[in-house]
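The block underneath contains the structure these notes are about, expressed in structure tokens.
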Amino acid sequence: MLPLRPRTMRAPLSTMLRSLRPVRTTLPNTLRLASTQASSSSTSTTAAAANDTTILSEEEASKKYGNHGRPMTIDRELPNPLKDRTYRRVQFVGFWVLMGVASVLMFNYEKTNSPIVTTTLHFLRRSKVVREVLGDEIDFASIYPWISGELNQVKGVVNITFDVKGSKQQGTISLKADRANRHHDFLIHEWSLTVGDTKLDLLDDDSVDFSV
Numbered sequence: 001m002l003p004l005r006p007r008t009m010r011a012p013l014s015t016m017l018r019s020l021r022p023v024r025t026t027l028p029n030t031l032r033l034a035s036t037q038a039s040s041s042s043t044s045t046t047a048a049a050a051n052d053t054t055i056l057s058e059e060e061a062s063k064k065y066g067n068h069g070r071p072m073t074i075d076r077e078l079p080n081p082l083k084d085r086t087y088r089r090v091q092f093v094g095f096w097v098l099m100g101v102a103s104v105l106m107f108n109y110e111k112t113n114s115p116i117v118t119t120t121l122h123f124l125r126r127s128k129v130v131r132e133v134l135g136d137e138i139d140f141a142s143i144y145p146w147i148s149g150e151l152n153q154v155k156g157v158v159n160i161t162f163d164v165k166g167s168k169q170q171g172t173i174s175l176k177a178d179r180a181n182r183h184h185d186f187l188i189h190e191w192s193l194t195v196g197d198t199k200l201d202l203l204d205d206d207s208v209d210f211s212v
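Residue numbers (full-length UniProt numbering): 1 to 212.
Take a look at the structure:
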């Protein structure tokens with residue numbers, strides 16, 4: 001006959017779960033006192049810092065911080081905005097004068113390089129009358145030629161004069177022409193060379209068939 005094992009007593013489940021709960025421990029009185037003192041000291045420090053942010057007078061600041069608390073002053077006069085008014089006006093006027101001169105030079109450069117002026121120079125070099133009076137190597141009279149008058153191909157108006165020179169002497173060319181619209185050719189009214197008091201009508205020159 002086999003011996004019987006003794007039965008073990010099992011605890012209820014609720015009793016086992018209750019044993020797994022964390023045990024609350026109370027802090028000692030010494031630790032509670034230290035934490036209270038730390039919080040009170042931080043509160044007093046914050047209040048002191050808040051009191052330091054108050055605005056102090058000059059005497060109080062000098063007493064508390066010494067010379068470092070005094071306000072900084074600069075012993076220098078403020079600039080007068082009306083002192084250089086004349087100089088600024090001269091600068092303003094000079095700027096616009098330079099802009100105007102630059103614009104005029106730019107427009108004159110466009111006239112110098114226009115097809116009408118270059119065509120006129122081409123026919124002048126081929127004209128026998130002009131070469132007899134001015135000589136060979138006919139070109140503008142100066143390095144920077146000045147074209148006077150109106151030269152507007154869009155409107156169809158040409159009324160210009162400019163100086164030319166050759167190997168013998170120099171003279172002034174006058175050209176006047178117009179057209180009804182851009183689909184028509186220019187009608188030349190005057191193409192002449194003036195040398196001194198003599199004016200030559202180049203439209204009567206048979207050596208060239210001038211047209212622009």
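The C-beta atom is built at its ideal place from N, Cα and C for all residues, glycine as well.
With fewer than 16 neighbouring CB atoms inside 10 Å of its own CB, Ser207 falls in the exposed class.
Lys168 is a Cβ neighbour of Gly135, given a cutoff of 8 Å. For Lys155, the closest C-alpha among the options Ser148, His183 and Arg131 is that of His183.
Residue range Arg85 to Thr112 is occupied by the alpha helix (DSSP H) that includes Gly100. Bounds of the beta strand (DSSP E) holding His189 are Leu187 to Val195. In this structure Leu203 does not touch Val130 by the C-beta definition: roughly 13 Å separates them, more than the 8 Å allowed.
Taking the CA atoms as reference points, Asp185 sits about 12 Å from Val157. In the structure shown, Glu77 falls within a coil segment according to DSSP collapsed to helix, strand and coil. DSSP places Glu150 in the strand class (E or B) of the three-state scheme.
Around the beta carbon of Gly171, 16 or more other beta carbons lie within 10 angstroms, which makes this residue buried.
Rounded to whole angstroms, the separation of the alpha carbons of Trp96 and Asp84 is 19 Å.
For the set Val101, Asn152, Ile143 and Val164, the Cα lying nearest the Cα of Asn181 is the one of Asn152. DSSP places Leu134 inside the alpha helix (DSSP H), whose first and last residues are Lys128 to Leu134. With a threshold of 16 other beta carbon atoms within 10 Å, Ser127 meets it and is buried. Considering only Pro115, Thr119 and Gly100, the residue with the shortest C-alpha distance to Asp209 is Thr119. Ile138 counts as buried, since no fewer than 16 other beta carbons sit within 10 angstroms of its beta carbon. In the assembly as shown, Phe107 is an exposed residue. Its beta-carbon has fewer than 16 other beta-carbons within 10 Å. The Cβ atoms of Phe162 and Ile147 sit closer than 8 Å to each other.
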